[in-house]
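Below is one structure, written out as structure tokens; comments come after it.
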Amino acid sequence: MHPMVRGCCMPVMPLLSALTHRWSWRSRTVTAARLHQFALAEHNTFLELTEAAEHTPDPKRAAAYLRHAADEARHTRAFVARSRALGAPYTAIRADNTALFSTLGEPTFLAFVARGEARAVQQFTSYERVFSANGERKMAQLFGAILPDEAQHTQYATALLDEVNEQRDASPWRRRAALFEARLFLMTAFRTLGQVLFTLLFLLFSPLLFPFAWVARRTSASQEGR
Amino acid sequence: MATILGVSGTYHDAAAALIVDGKIMAALQEERLSRVKNDPSLPFRAIEAVLSISGRPEIDQLVYYENPYAKLERVLRHHLAHFPRSLRVFPRAIASQLGGKLQVLDTLSSRLSLPRSRVRFVSHHHSHAASALFTSPWHEAAVLTIDGVGESTTTGMWDVVGGRLRCMETTRFPHSIGLLYAAITSWLGFSVNEGEGKTMALAAYGRPNRREVFGKFCRLTDGGVSLTPSFFDDFLSPTHGFGPKLEQVLGSARPPGKPWDLSTAEDLAYADVAATVQQLTEEATLHLARRARRMAGTDKLCLAGGVALNAVVNRRLSLEGPLYVQPAAGDAGGALGAALIGALDAGDTLEKRSLRALGLPCRPERASQVARELGLTVATCDSVASAARDLEAGKIIAWCHGRHEWGPRALGQRSLLASPLPLQSRERLNREIKRREPFRPFAPAISAEGFSTYFEGVPDPLTAYMTTTRDVLRPEMFQAITHVDGSARVQSVHDGPLSQLLPHLDHSCVLNTSLNGPGEPIAATDIDAISFFLRHSVDALYIEDLRITR
Chain A
6 MHPMVRGCCM PVMPLLSALT HRWSWRSRTV TAARLHQFAL AEHNTFLELT EAAEHTPDPK
66 RAAAYLRHAA DEARHTRAFV ARSRALGAPY TAIRADNTAL FSTLGEPTFL AFVARGEARA
126 VQQFTSYERV FSANGERKMA QLFGAILPDE AQHTQYATAL LDEVNEQRDA SPWRRRAALF
186 EARLFLMTAF RTLGQVLFTL LFLLFSPLLF PFAWVARRTS ASQEGR
Chain B
-7 MATILGVSGT YHDAAAALIV DGKIMAALQE ERLSRVKNDP SLPFRAIEAV LSISGRPEID
53 QLVYYENPYA KLERVLRHHL AHFPRSLRVF PRAIASQLGG KLQVLDTLSS RLSLPRSRVR
113 FVSHHHSHAA SALFTSPWHE AAVLTIDGVG ESTTTGMWDV VGGRLRCMET TRFPHSIGLL
173 YAAITSWLGF SVNEGEGKTM ALAAYGRPNR REVFGKFCRL TDGGVSLTPS FFDDFLSPTH
233 GFGPKLEQVL GSARPPGKPW DLSTAEDLAY ADVAATVQQL TEEATLHLAR RARRMAGTDK
293 LCLAGGVALN AVVNRRLSLE GPLYVQPAAG DAGGALGAAL IGALDAGDTL EKRSLRALGL
353 PCRPERASQV ARELGLTVAT CDSVASAARD LEAGKIIAWC HGRHEWGPRA LGQRSLLASP
413 LPLQSRERLN REIKRREPFR PFAPAISAEG FSTYFEGVPD PLTAYMTTTR DVLRPEMFQA
473 ITHVDGSARV QSVHDGPLSQ LLPHLDHSCV LNTSLNGPGE PIAATDIDAI SFFLRHSVDA
533 LYIEDLRITR
């Protein structure tokens, strides 16, 4: 799922977090895997913001994106460290750079960032609360340390959106960002469904491959080189 | 007179290269712009960049670096031959091929609004061979291409007839020096296509005493190596490249990310395996090189393909005759090779030029504005004199000058520089910035004039691109850049930004490592450099004549 779409269908985050906490963080392995996913999400944001800094025409906004990117890099390291402390295997952090800035244009990009960071504030606040209530101090500290950054990111992105928009009504950009998120969510869902369907159909019809496999095995010895 | 765009991608090291009227205008790896290490996706950012650098000429032809249809055929045949065992990976492999790789030429055509008739492909190893020969100092030479696998070729031997490459002999999948080295790299806990240099560095700490065990799955042949596929999981694993049978004979694979301690017997045993595969690779490549030189009737040899990045192998080859290695010898170089083939086919005469700096230039004015907005201190200065003072004071500086490098080595355009003398340089760089394995050495850059005073031999095209190693004549003096075996992957500096700085330094020598943090591509633009500076404890950042500090 696109990292900034994560949680977009969870408007009642605090209640849901409390209810699902035991299941969502049910073991060290699951917790480590989830933290790794958070690390990937942060790293993706780092990449998108670095590219935004490259392409925005305004040096002040470029600086803001770079500051934000540096925060995301720090968050990535924090999630990775905690994930590995919980026994996650070493896996390189490889996130995608989907060139959001170029795709959306700067105003919509800023609206998208503001939405994503606001959602992160909501999500991490509820995690911190629930982990604290459950006595899981280190996990509570992890999310608690990141929260001020996410709040600041929401503020600056909103402020920059107003600036880019010359203080006019920014609702059209926010709507576009929301529509884009919804489209991303649907595309991701359809892609996942498509992959599952393809795999199932492949497995279902795979017995038909046996004759071809026999032919391939017969010829493979003569195809392999010296 | 034609404008030819060469493109590589979809597997690893996507890149774009542009040749106009026989002249190489620009070449970039996609990872430098997307900031995704070894980015495999089609390099539209790099394509935009090379066109922008070159004044946006109209593309006459796009040449893709391999045959996607032949690749699909090999993948399909291989998976079918191992069916039903391949069932665990077959769906994903086929989906990957059909989902994008097979349509790559159509995708490039439509995204770039190029008529499909202007988009074609050449073979993978032909791209590699062209990237080496047509950028070498020679018009004729033997050419050897060695990698993991292209469409189905793993090794190619070429000569030159009528100014064109002619393939004399090939070795086919799965018998591959590159795949053998990659499998052992993965077994050592390093990432494939990234960690091979680590295996090479680790080898110097071990002894090649596992030849008998290696003999169970690998033997040397005229074509390089012959591998027993069952030890490599029949090359079905998308991540490992080796199977349980290999672990039974070699021992358990080393867990990725586990800290190294080469004072322990356990890690020394891993070093012995690294040393063994390094020795095998050297012997196999040497044998191929001798055959190629003999068959082509010349002692000049050009080398390309991922295995050509093995600087220790290159050193051995260079002892037997003149050797040239194109700096982006891996798949990124395929983009340049494809463009060169296209240019030749269009009837252009190729103009040879330095490949040191083919990327994007710095933008000091923009860098200054952004740095000031970040609250950093920006001063205009004589960067050579100022940097020299910083280095003499033991500081670590980030250095951005001119157009960025082509290939995986930093050659003084996007570098981290430090004193090459004290061990503290290396320790601080590793501890605070690079966070690399402790056995990995840093490399020096030295002026061409001072080379022979401190390093074995004389400077040549190999040392100019840091594609070989040389013995350090005064290792006790250059502790920060001398490897455990007394060698260094030294860069001889003949021109460019570093050539102005080096005469101001003691011994005209500096520790030169790439401007990037762990797991990152090397910086391309000034924004990348500033981003790096914000996140790492470097003492100063130089962007042309700007000195930026906190």
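Residue numbers (the working numbering), protein chains in the order written: chain A, 6 to 231; chain B, -7 to 542. Even glycine gets a Cβ: it sits at the ideal position worked out from N, Cα and C. Predicted model, so just to flag it, every value in this text is computed and none were measured.
Below 8 Å between beta carbons: does that hold for G313 (chain B) and G298 (chain B)? Judged by their CB atoms, G313 (chain B) and G298 (chain B) are not nearer to each other than the 8 Å cut-off.
Note down the Cα distance separating P251 (chain B) from S375 (chain B), rounded to an integer number of angstroms. The straight-line gap from Cα to Cα measures roughly 38 Å.
What's the C-alpha gap between C13 (chain A) and S137 (chain A)? In this prediction, C13 (chain A) has a pLDDT of 48, which is less than 50 and means its spatial position is unreliable; what the coordinates show is noted afterwards. Straight-line Cα distance between these residues: approximately 24 Å.
Could you give the distance in angstroms between the alpha-carbon of V42 (chain B) and the alpha-carbon of A19 (chain B)? Distance between the alpha carbons of V42 (chain B) and A19 (chain B): 6 Å.
For S225 (chain A), would you say it is in contact with chain B, using Cβ-to-Cβ distances shorter than 8 Å as the test? Taking Cβ atoms only, chain B reaches closer than 8 Å to S225 (chain A), which makes this a yes.
State whether the stretch 382 to 399 of chain B contacts the stretch 489 to 506 of chain B, with contact taken as three or more CB pairs (one from each stretch) at a distance under 8 Å. The answer is yes - the stretch 489 to 506 of chain B touches the stretch 382 to 399 of chain B, with three or more Cβ pairs under 8 Å.
Expected contact under 8 Å - CB spacing of A480 (chain B) and V464 (chain B) to nearest Å: Approximately 5 Å separates the beta-carbon atoms of A480 (chain B) and V464 (chain B); this is inside 8 Å, confirming the contact.
Closest by C-alpha distance to A58 (chain A), when choosing among B:R358, B:H70, B:A288: Selected option, being the one with the closest Cα: B:R358.
Can you list the alpha helix (DSSP H) stretches of 4 or more residues lying completely in the stretch 176 to 210 of chain B, in chain order? Those alpha helix (DSSP H) runs which fall completely within the stretch 176 to 210 of chain B and span 4+ residues are 188 to 195, 203 to 206.
Can you give the Cα-Cα distance for S107 (chain A) and E77 (chain A), rounded to whole angstroms? Straight-line Cα distance between these residues: approximately 20 Å.
Rounded to a whole number of angstroms, what is the C-alpha to C-alpha distance between L191 (chain A) and T204 (chain A)? Within the model, the alpha-carbon separation for L191 (chain A) versus T204 (chain A) is close to 20 Å.
At a CB-CB cut-off below 7 Å, which residues of chain A make contact with T517 (chain B)? Residues of chain A with a Cβ closer than 7 Å to the Cβ of T517 (chain B) are, in chain order, E59.
Of all the residues that make up the stretch 191 to 208 of chain A, which are near chain B by a beta-carbon distance shorter than 8 Å? Within the stretch 191 to 208 of chain A, the qualifying residues are Q200, F203, T204, F207, L208.
Are I514 (chain B) and S506 (chain B) closer than 8 Å when you measure CB to CB? For I514 (chain B) and S506 (chain B), yes; Cβs fall inside 8 Å.
In the structure shown, what three-state DSSP assignment does W398 (chain B) receive? It is coil, neither helix nor strand.
Going by beta-carbon coordinates alone, are A116 (chain A) and W178 (chain A) separated by less than 8 Å? For the pair A116 (chain A) and W178 (chain A), the CB atoms are nearer than the 8 Å cut-off.
Cβ-Cβ distance between R308 (chain B) and L278 (chain B) below 8 Å: Here R308 (chain B) is near L278 (chain B), since their CB atoms are less than 8 Å apart.
Nearest-angstrom Cα distance between G187 (chain B) and A276 (chain B)? Cα to Cα, the separation comes out at about 20 Å.
What does the Cβ neighbour count give for T147 (chain B), buried or exposed, with the cut at 16 atoms within 10 Å? Burial call: buried.
Would you say T55 (chain A) faces chain B, with C-beta separation under 8 Å as the test? It does: the Cβ of T55 (chain A) has a partner Cβ on chain B nearer than 8 Å.
How many whole angstroms separate the CB atoms of A123 (chain A) and T159 (chain A), which I take to be in contact at a CB cut-off of 8 Å? Right, their Cβ atoms sit about 5 Å apart.
Please report the residue range of the alpha helix (DSSP H) in which W178 (chain A) lies. Here the alpha helix (DSSP H) through W178 (chain A) covers 176 to 210.
DSSP state of K15 (chain B), grouped into three classes? In the structure shown, the three-state DSSP call for K15 (chain B) is strand.
Could you list the residues in the stretch 354 to 376 of chain B with a C-beta less than 7 Å from some C-beta on chain A, going in chain order? Of all residues in the stretch 354 to 376 of chain B, only R358, Q361, V362, E365, L366 come within less than 7 Å of chain A when Cβ atoms are compared, listed by chain position.
Quickly, what does DSSP pair G170 (chain B) with across the bridge? List them, please. G170 (chain B) pairs with nothing; no bridge assigned.
Measure how close the beta-carbons of E23 (chain B) and D13 (chain B) come, nearest whole angstrom, since I'm counting them as under 8 Å. Not confirmed; about 28 Å, so no contact.
So with Cβ pairs under 8 Å, would you call A7 (chain B) a contact of chain A? Closer than 8 Å: no.
With a threshold of 8 Å between beta-carbons, can A5 (chain A) be considered close to chain B, or not? Absent from the model: residue 5 (chain A). The displayed extent of chain A is 6 to 231, so no value can be given.
For V28 (chain B) and E512 (chain B), the rounded distance between their alpha carbons: Rounded to the nearest angstrom, the two C-alpha atoms are 7 Å apart.
Of all Cβ atoms in chain A, is any one closer than 8 Å to the Cβ of S105 (chain B)? The Cβ of S105 (chain B) sits no closer than 8 Å to any Cβ of chain A.
Determine the extent of the alpha helix (DSSP H) in which S107 (chain A) is found, giving its start and end residues. That run of the alpha helix (DSSP H) goes 105 to 109.
G511 (chain B) touches chain A at which residues, Cβ-Cβ below 9 Å? Chain-order list of chain A residues neighbouring G511 (chain B): A97, I98, R99, by C-beta distance under 9 Å.
Secondary structure, beta strand (DSSP E): runs of 3+ residues fully inside the stretch 199 to 286 of chain B: Those beta strand (DSSP E) runs which fall completely within the stretch 199 to 286 of chain B and span 3+ residues are 210 to 213, 216 to 219.
Proximity test, Cβ basis, 8 Å: L109 (chain A) and chain B: Chain B, which has no Cβ nearer than 8 Å to the Cβ of L109 (chain A), makes this no.
Leaving out five residues on either side along the sequence, give the residues of the same chain with a beta carbon under 7 Å from the beta carbon of E429 (chain B). The beta carbon of E429 (chain B) is closer than 7 Å to those of K190, W252 in its chain, skipping five residues each way along the sequence.
Using the Cβ count rule (16 or more neighbours within 10 Å means buried), how would you classify D5 (chain B)? Around the beta carbon of D5 (chain B), a 10 Å sphere encloses 16 or more other beta carbons of the protein chains shown; the residue is thus reported as buried.
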